[in-house]
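Structure, as C-alpha coordinates:
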Amino acid sequence: MEIGKILESIMRNNNIVGTISSVIVIIGAGFFFTKKKVIPSNCAGSLSKVILNLAIPTLSYNAFMQDIDSRKLEQSLSILVWGIVIHLVLIFLTKIFYKNYSGDRNDVLRMMTIFGSTTVFGIPVIQAVYGDTGAMYASVFNIPYRALLYTYGYMTIAGVKLKKENMGKIISNPIIVATFLGMFVWMFQNYFFQVSVIEGDIIRKYAFLRIDKTAYWLFKPMQYLASLNAPLSWLSIGITLAGVSFNDILKSKISWGYSVIKVVVIPVFLVALYTVMNMTGLVTTSYIALATIVLMMATPAATVIATYTIHFNKEPVLTSSCSLMSSIFSVAMIPFLIITIEILKSMGIFS
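Here the sequence shown stands for residues 20 to 370, where the numbers follow the working numbering.
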(Lines of atoms letter the chains of each structure in order from A; the text may use other names.)
(Lines give C-alpha, C1' and ligand atoms only; values in the text may rest on other atoms or scores of the structure.)
Protein backbone atom coordinates (compact mmCIF):
# COMPACT_ATOMS: atom_id res chain seq x y z
CA MET A 20 0.00 0.00 0.00
CA GLU A 21 1.31 3.47 -0.87
CA ILE A 22 2.26 5.81 1.98
CA GLY A 23 -0.30 8.36 0.78
CA LYS A 24 -3.14 5.83 0.98
CA ILE A 25 -1.95 4.67 4.40
CA LEU A 26 -1.96 8.25 5.70
CA GLU A 27 -5.41 8.78 4.20
CA SER A 28 -6.75 5.69 5.97
CA ILE A 29 -5.21 6.87 9.24
CA MET A 30 -6.76 10.32 8.93
CA ARG A 31 -10.13 8.64 8.34
CA ASN A 32 -9.76 6.70 11.58
CA ASN A 33 -12.03 8.66 13.91
CA ASN A 34 -10.51 7.05 17.01
CA ILE A 35 -6.97 8.23 16.22
CA VAL A 36 -7.97 11.67 14.92
CA GLY A 37 -10.42 12.15 17.79
CA THR A 38 -7.81 11.27 20.41
CA ILE A 39 -5.20 13.62 18.95
CA SER A 40 -7.69 16.49 18.70
CA SER A 41 -8.95 15.77 22.23
CA VAL A 42 -5.43 16.02 23.65
CA ILE A 43 -4.86 19.38 21.97
CA VAL A 44 -8.31 20.85 22.71
CA ILE A 45 -8.50 19.78 26.38
CA ILE A 46 -4.92 20.84 27.17
CA GLY A 47 -5.68 24.13 25.40
CA ALA A 48 -8.87 24.55 27.45
CA GLY A 49 -6.97 24.00 30.70
CA PHE A 50 -4.35 26.53 29.63
CA PHE A 51 -6.87 29.14 28.40
CA PHE A 52 -9.24 29.02 31.37
CA THR A 53 -6.37 29.09 33.85
CA LYS A 54 -4.93 32.17 32.15
CA LYS A 55 -8.41 33.72 32.32
CA LYS A 56 -8.53 32.80 36.03
CA VAL A 57 -11.70 30.75 35.54
CA ILE A 58 -9.81 27.69 36.81
CA PRO A 59 -7.64 28.21 39.94
CA SER A 60 -3.95 27.72 39.11
CA ASN A 61 -3.45 25.58 42.23
CA CYS A 62 -6.07 22.94 41.41
CA ALA A 63 -3.77 20.77 39.26
CA GLY A 64 -2.51 19.09 42.43
CA SER A 65 -6.03 18.17 43.52
CA LEU A 66 -6.82 16.80 40.07
CA SER A 67 -3.67 14.68 40.16
CA LYS A 68 -4.81 13.13 43.46
CA VAL A 69 -8.12 12.11 41.87
CA ILE A 70 -6.25 10.68 38.88
CA LEU A 71 -3.69 8.75 40.94
CA ASN A 72 -6.04 7.42 43.62
CA LEU A 73 -9.28 6.82 41.68
CA ALA A 74 -9.06 7.09 37.90
CA ILE A 75 -5.84 5.16 37.19
CA PRO A 76 -6.45 2.32 39.73
CA THR A 77 -9.96 1.65 38.35
CA LEU A 78 -8.66 1.88 34.80
CA SER A 79 -5.82 -0.52 35.62
CA TYR A 80 -8.16 -3.11 37.13
CA ASN A 81 -10.90 -2.76 34.51
CA ALA A 82 -8.38 -3.17 31.69
CA PHE A 83 -7.87 -6.80 32.75
CA MET A 84 -11.61 -7.57 32.66
CA GLN A 85 -11.44 -9.57 29.43
CA ASP A 86 -11.06 -13.16 28.31
CA ILE A 87 -7.52 -14.51 28.41
CA ASP A 88 -5.78 -15.78 25.32
CA SER A 89 -2.25 -17.03 24.78
CA ARG A 90 -1.27 -14.14 22.49
CA LYS A 91 -2.19 -11.42 25.00
CA LEU A 92 -0.53 -13.35 27.82
CA GLU A 93 2.65 -13.70 25.78
CA GLN A 94 2.64 -9.99 24.87
CA SER A 95 1.97 -8.95 28.50
CA LEU A 96 4.90 -10.98 29.83
CA SER A 97 7.07 -9.64 27.00
CA ILE A 98 6.12 -6.05 27.88
CA LEU A 99 6.89 -6.70 31.55
CA VAL A 100 10.37 -7.96 30.64
CA TRP A 101 10.99 -5.12 28.20
CA GLY A 102 9.83 -2.61 30.81
CA ILE A 103 12.50 -3.90 33.17
CA VAL A 104 15.21 -4.03 30.48
CA ILE A 105 14.52 -0.56 29.04
CA HIS A 106 14.62 1.17 32.43
CA LEU A 107 17.76 -0.66 33.54
CA VAL A 108 19.51 0.15 30.24
CA LEU A 109 18.54 3.82 30.58
CA ILE A 110 20.07 3.92 34.05
CA PHE A 111 23.43 3.28 32.40
CA LEU A 112 22.88 5.17 29.12
CA THR A 113 21.89 8.39 30.86
CA LYS A 114 25.30 8.46 32.50
CA ILE A 115 26.71 8.81 28.98
CA PHE A 116 24.05 11.27 27.78
CA TYR A 117 24.76 13.71 30.62
CA LYS A 118 28.44 13.05 31.30
CA ASN A 119 29.17 16.78 30.84
CA TYR A 120 27.00 17.61 33.85
CA SER A 121 27.81 16.84 37.46
CA GLY A 122 26.23 16.83 40.89
CA ASP A 123 22.53 17.57 41.29
CA ARG A 124 22.13 18.66 37.67
CA ASN A 125 23.39 15.29 36.43
CA ASP A 126 21.12 13.38 38.81
CA VAL A 127 18.02 15.40 37.91
CA LEU A 128 18.53 15.15 34.14
CA ARG A 129 19.11 11.40 34.39
CA MET A 130 16.01 10.75 36.51
CA MET A 131 13.81 12.90 34.26
CA THR A 132 15.02 10.91 31.25
CA ILE A 133 14.50 7.49 32.83
CA PHE A 134 11.08 8.27 34.28
CA GLY A 135 8.36 9.83 32.14
CA SER A 136 4.90 11.08 33.05
CA THR A 137 3.22 7.84 32.00
CA THR A 138 0.14 8.38 34.17
CA VAL A 139 -0.82 11.75 32.71
CA PHE A 140 0.49 11.50 29.14
CA GLY A 141 0.98 7.81 28.32
CA ILE A 142 -1.91 5.77 29.69
CA PRO A 143 -4.75 8.18 28.71
CA VAL A 144 -3.63 8.32 25.06
CA ILE A 145 -2.95 4.57 24.87
CA GLN A 146 -6.33 3.74 26.39
CA ALA A 147 -8.12 6.16 24.08
CA VAL A 148 -6.48 4.84 20.90
CA TYR A 149 -5.93 1.15 21.68
CA GLY A 150 -8.72 0.43 24.16
CA ASP A 151 -8.61 -2.00 27.08
CA THR A 152 -5.82 -4.09 25.57
CA GLY A 153 -3.60 -1.02 25.33
CA ALA A 154 -4.50 0.04 28.88
CA MET A 155 -3.71 -3.47 30.12
CA TYR A 156 -0.30 -3.48 28.43
CA ALA A 157 0.42 0.02 29.79
CA SER A 158 -0.44 -1.11 33.32
CA VAL A 159 1.94 -4.06 32.99
CA PHE A 160 4.72 -1.81 31.62
CA ASN A 161 4.28 0.48 34.61
CA ILE A 162 5.03 -2.26 37.18
CA PRO A 163 8.86 -2.04 36.93
CA TYR A 164 8.57 1.68 36.21
CA ARG A 165 6.87 2.42 39.54
CA ALA A 166 9.09 0.04 41.48
CA LEU A 167 12.18 1.90 40.25
CA LEU A 168 10.56 5.35 40.48
CA TYR A 169 9.81 5.00 44.20
CA THR A 170 13.16 3.40 45.02
CA TYR A 171 15.99 4.29 42.64
CA GLY A 172 14.45 7.63 41.62
CA TYR A 173 13.82 8.67 45.20
CA MET A 174 17.22 7.54 46.47
CA THR A 175 19.08 9.35 43.67
CA ILE A 176 17.35 12.70 44.18
CA ALA A 177 17.24 12.47 47.99
CA GLY A 178 20.77 11.09 48.26
CA VAL A 179 19.68 8.30 50.61
CA LYS A 180 19.74 4.51 50.71
CA LEU A 181 16.75 2.21 50.28
CA LYS A 182 14.49 2.18 53.34
CA LYS A 183 11.59 -0.01 54.43
CA GLU A 184 9.12 2.87 54.16
CA ASN A 185 9.94 3.23 50.45
CA MET A 186 9.16 -0.45 49.88
CA GLY A 187 5.91 0.00 51.77
CA LYS A 188 5.05 2.97 49.56
CA ILE A 189 5.52 0.82 46.46
CA ILE A 190 3.49 -2.13 47.73
CA SER A 191 0.62 0.01 49.04
CA ASN A 192 0.37 2.25 45.97
CA PRO A 193 -3.25 1.93 44.75
CA ILE A 194 -2.17 1.72 41.11
CA ILE A 195 0.26 -1.12 41.85
CA VAL A 196 -2.36 -2.93 43.95
CA ALA A 197 -5.04 -2.58 41.25
CA THR A 198 -2.63 -3.66 38.50
CA PHE A 199 -1.43 -6.77 40.32
CA LEU A 200 -4.97 -7.72 41.36
CA GLY A 201 -6.32 -7.23 37.85
CA MET A 202 -3.43 -9.13 36.28
CA PHE A 203 -3.88 -11.98 38.78
CA VAL A 204 -7.60 -12.25 38.01
CA TRP A 205 -6.95 -12.13 34.26
CA MET A 206 -4.20 -14.77 34.27
CA PHE A 207 -5.95 -17.24 36.59
CA GLN A 208 -9.62 -16.56 35.82
CA ASN A 209 -10.20 -20.14 34.63
CA TYR A 210 -9.21 -21.47 38.08
CA PHE A 211 -11.47 -19.28 40.23
CA PHE A 212 -14.97 -20.13 41.42
CA GLN A 213 -17.18 -19.82 38.32
CA VAL A 214 -20.51 -17.99 38.09
CA SER A 215 -23.12 -18.74 35.42
CA VAL A 216 -24.08 -15.68 33.36
CA ILE A 217 -26.85 -15.52 30.76
CA GLU A 218 -25.73 -13.84 27.53
CA GLY A 219 -28.61 -13.83 25.09
CA ASP A 220 -29.61 -17.45 24.61
CA ILE A 221 -26.30 -18.77 25.92
CA ILE A 222 -25.21 -19.49 29.49
CA ARG A 223 -21.49 -18.90 30.04
CA LYS A 224 -19.33 -19.29 33.11
CA TYR A 225 -16.99 -16.56 34.36
CA ALA A 226 -14.71 -16.16 37.35
CA PHE A 227 -16.58 -14.42 40.17
CA LEU A 228 -13.98 -11.62 40.11
CA ARG A 229 -14.78 -10.82 36.47
CA ILE A 230 -16.96 -7.97 37.66
CA ASP A 231 -17.69 -6.88 34.08
CA LYS A 232 -19.81 -10.04 33.84
CA THR A 233 -20.72 -10.98 37.42
CA ALA A 234 -21.14 -7.60 39.17
CA TYR A 235 -22.01 -5.00 36.56
CA TRP A 236 -23.44 -2.79 39.30
CA LEU A 237 -19.84 -2.42 40.54
CA PHE A 238 -18.12 -2.45 37.16
CA LYS A 239 -20.16 0.46 35.76
CA PRO A 240 -19.22 3.05 38.42
CA MET A 241 -15.61 1.90 38.09
CA GLN A 242 -15.91 2.53 34.35
CA TYR A 243 -17.09 6.07 35.02
CA LEU A 244 -14.17 6.67 37.38
CA ALA A 245 -11.73 5.21 34.85
CA SER A 246 -13.11 7.48 32.14
CA LEU A 247 -12.09 10.53 34.21
CA ASN A 248 -8.43 9.69 33.64
CA ALA A 249 -7.88 11.14 30.17
CA PRO A 250 -9.82 14.45 30.41
CA LEU A 251 -8.62 15.27 33.93
CA SER A 252 -5.03 14.41 33.03
CA TRP A 253 -5.02 16.58 29.93
CA LEU A 254 -6.81 19.39 31.75
CA SER A 255 -4.19 19.34 34.54
CA ILE A 256 -1.41 19.55 31.93
CA GLY A 257 -2.96 22.72 30.52
CA ILE A 258 -3.35 24.19 34.01
CA THR A 259 0.30 23.46 34.78
CA LEU A 260 1.57 24.90 31.49
CA ALA A 261 -0.33 28.13 32.16
CA GLY A 262 1.84 28.83 35.20
CA VAL A 263 5.24 28.70 33.50
CA SER A 264 7.05 31.43 31.57
CA PHE A 265 7.60 30.38 27.96
CA ASN A 266 10.30 32.98 27.31
CA ASP A 267 12.56 31.60 30.03
CA ILE A 268 12.02 28.04 28.81
CA LEU A 269 12.84 28.84 25.19
CA LYS A 270 16.20 30.30 26.23
CA SER A 271 17.25 27.16 28.10
CA LYS A 272 19.60 25.06 25.93
CA ILE A 273 19.60 22.30 28.54
CA SER A 274 15.80 22.01 28.31
CA TRP A 275 15.98 21.75 24.52
CA GLY A 276 18.67 19.08 24.66
CA TYR A 277 16.89 17.10 27.35
CA SER A 278 13.55 17.20 25.49
CA VAL A 279 15.11 15.98 22.24
CA ILE A 280 16.73 13.02 24.01
CA LYS A 281 13.68 12.12 26.12
CA VAL A 282 10.82 12.61 23.69
CA VAL A 283 12.45 12.17 20.26
CA VAL A 284 15.67 10.13 20.33
CA ILE A 285 14.63 7.34 22.72
CA PRO A 286 11.14 6.65 21.22
CA VAL A 287 12.42 6.79 17.62
CA PHE A 288 15.27 4.43 18.51
CA LEU A 289 12.77 2.00 20.06
CA VAL A 290 10.57 2.08 16.94
CA ALA A 291 13.62 1.38 14.76
CA LEU A 292 14.86 -1.37 17.09
CA TYR A 293 11.53 -3.21 17.24
CA THR A 294 11.04 -2.84 13.49
CA VAL A 295 14.40 -4.48 12.79
CA MET A 296 13.81 -7.23 15.36
CA ASN A 297 10.33 -7.97 13.99
CA MET A 298 11.53 -8.03 10.38
CA THR A 299 14.40 -10.39 11.24
CA GLY A 300 12.19 -12.64 13.36
CA LEU A 301 14.02 -12.01 16.65
CA VAL A 302 10.73 -10.98 18.28
CA THR A 303 7.06 -10.99 17.28
CA THR A 304 5.71 -7.81 18.83
CA SER A 305 2.13 -6.76 18.13
CA TYR A 306 1.56 -3.19 17.02
CA ILE A 307 -0.40 -2.42 20.22
CA ALA A 308 2.49 -3.71 22.34
CA LEU A 309 4.93 -1.61 20.30
CA ALA A 310 2.71 1.47 20.61
CA THR A 311 2.43 0.96 24.37
CA ILE A 312 6.19 0.76 24.91
CA VAL A 313 7.02 3.64 22.56
CA LEU A 314 4.29 6.03 23.75
CA MET A 315 5.09 5.36 27.41
CA MET A 316 8.70 6.33 26.70
CA ALA A 317 7.67 9.42 24.69
CA THR A 318 6.22 11.11 27.76
CA PRO A 319 7.72 14.23 29.41
CA ALA A 320 9.42 14.32 32.80
CA ALA A 321 7.55 12.46 35.55
CA THR A 322 5.69 14.70 37.99
CA VAL A 323 6.91 12.52 40.87
CA ILE A 324 10.52 13.36 39.97
CA ALA A 325 9.57 17.03 39.82
CA THR A 326 8.05 16.70 43.30
CA TYR A 327 11.25 15.09 44.59
CA THR A 328 13.44 17.87 43.17
CA ILE A 329 11.27 20.60 44.67
CA HIS A 330 11.08 18.86 48.05
CA PHE A 331 14.86 18.34 48.28
CA ASN A 332 15.69 21.61 46.48
CA LYS A 333 17.65 19.83 43.74
CA GLU A 334 17.56 22.03 40.61
CA PRO A 335 13.80 22.81 40.90
CA VAL A 336 13.98 25.60 38.28
CA LEU A 337 15.71 23.31 35.77
CA THR A 338 13.11 20.63 36.47
CA SER A 339 10.22 23.02 35.78
CA SER A 340 11.89 24.23 32.60
CA CYS A 341 12.53 20.70 31.31
CA SER A 342 9.04 19.56 32.28
CA LEU A 343 7.36 22.30 30.26
CA MET A 344 9.60 21.95 27.21
CA SER A 345 9.30 18.17 27.14
CA SER A 346 5.51 18.46 27.57
CA ILE A 347 5.31 20.61 24.43
CA PHE A 348 7.58 18.17 22.58
CA SER A 349 5.43 15.26 23.74
CA VAL A 350 2.15 16.81 22.58
CA ALA A 351 3.70 17.20 19.11
CA MET A 352 5.58 13.89 19.04
CA ILE A 353 2.90 11.46 20.25
CA PRO A 354 0.59 11.97 17.22
CA PHE A 355 3.61 11.51 14.92
CA LEU A 356 4.51 8.24 16.64
CA ILE A 357 0.92 6.96 16.49
CA ILE A 358 0.82 7.64 12.74
CA THR A 359 4.26 6.05 12.24
CA ILE A 360 3.18 2.88 14.05
CA GLU A 361 -0.03 2.74 12.00
CA ILE A 362 2.06 2.97 8.81
CA LEU A 363 4.31 0.12 9.98
CA LYS A 364 1.22 -1.92 10.81
CA SER A 365 -0.27 -1.26 7.37
CA MET A 366 3.00 -2.41 5.79
CA GLY A 367 2.58 -5.76 7.55
CA ILE A 368 5.64 -5.39 9.80
CA PHE A 369 3.56 -5.59 12.98
CA SER A 370 0.46 -7.69 13.49
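Every residue, glycine too, gets a C-beta built ideally from N, C-alpha and C.
Residue i versus residue j: straight-line alpha-carbon distance, rounded
i, j, result
"residue 10", "residue 253", "Limits of the chain in this structure are 20 at one end and 370 at the other, which puts residue 10 out of reach."
"residue 141", "residue 295", "24 Å"
"residue 132", "residue 112", "10 Å"
"residue 316", "residue 162", "14 Å"
"residue 96", "residue 270", "43 Å"
"residue 20", "residue 322", "Low confidence applies to residue 20: its pLDDT is 48, below 50, so where it sits in the model is not reliable, and the reading given next is rough at best. Roughly 41 Å separates the two Cα atoms."
"residue 99", "residue 92", "11 Å"
"residue 6", "residue 300", "Past the boundaries of the shown model lies residue 6; the chain is included only from 20 to 370, so the question cannot be answered."
"residue 199", "residue 356", "29 Å"
"residue 220", "residue 314", "41 Å"
"residue 124", "residue 333", "8 Å"
"residue 38", "residue 84", "23 Å"
"residue 13", "residue 121", "Any question about residue 13 goes unanswered here, given that the chain covers just 20 to 370."
"residue 338", "residue 116", "17 Å"
"residue 89", "residue 287", "29 Å"
"residue 341", "residue 258", "16 Å"
"residue 277", "residue 232", "46 Å"
"residue 40", "residue 145", "14 Å"
"residue 46", "residue 238", "29 Å"
"residue 371", "residue 347", "A query on residue 371 cannot be resolved here, the shown segment of the chain reaching from 20 to 370 and no further."
"residue 65", "residue 293", "38 Å"
"residue 195", "residue 188", "10 Å"
"residue 108", "residue 80", "29 Å"
"residue 343", "residue 256", "9 Å"
"residue 36", "residue 110", "35 Å"
"residue 118", "residue 186", "30 Å"
"residue 150", "residue 57", "33 Å"
"residue 114", "residue 326", "22 Å"
"residue 331", "residue 312", "30 Å"
"residue 285", "residue 218", "46 Å"
"residue 62", "residue 366", "45 Å"
"residue 168", "residue 30", "36 Å"
One or two residues paired with residue i in a DSSP bridge
i, result
"residue 215", "224"
"residue 320", "135"
C-beta contact flag for residue i and residue j at 7 Å
i, j, result
"residue 324", "residue 160", "no"
"residue 345", "residue 272", "no"
"residue 82", "residue 244", "no"
"residue 353", "residue 310", "no"
"residue 249", "residue 147", "yes"
"residue 368", "residue 297", "yes"
"residue 318", "residue 136", "yes"
"residue 127", "residue 328", "yes"
"residue 206", "residue 175", "no"
"residue 157", "residue 76", "no"
"residue 51", "residue 260", "no"
"residue 72", "residue 240", "no"
"residue 234", "residue 211", "no"
"residue 216", "residue 223", "yes"
"residue 251", "residue 70", "yes"
"residue 78", "residue 154", "yes"
"residue 291", "residue 94", "no"
As assigned by DSSP and simplified to three states, the class of residue i
i, result
"residue 135", "strand"
"residue 208", "helix"
"residue 85", "coil"
"residue 59", "coil"
"residue 301", "coil"
"residue 261", "coil"
"residue 361", "helix"
"residue 272", "helix"
"residue 346", "helix"
"residue 230", "helix"
"residue 27", "helix"
"residue 20", "Any reading at residue 20 needs caution, since the residue's pLDDT is 48, under 50, leaving its predicted position unreliable; the model's value is listed next. Note: residue 20 maps to coil in three-state DSSP."
"residue 192", "coil"
"residue 370", "coil"
"residue 178", "coil"
"residue 354", "helix"
"residue 331", "coil"
"residue 92", "helix"
"residue 32", "coil"
"residue 247", "coil"
Inside the segment 96-167 only - alpha helix (DSSP H) runs reaching at least 4 residues: If we require 4 residues or more, the alpha helix (DSSP H) runs fully inside the segment 96-167 come out as 122-133, 142-167.
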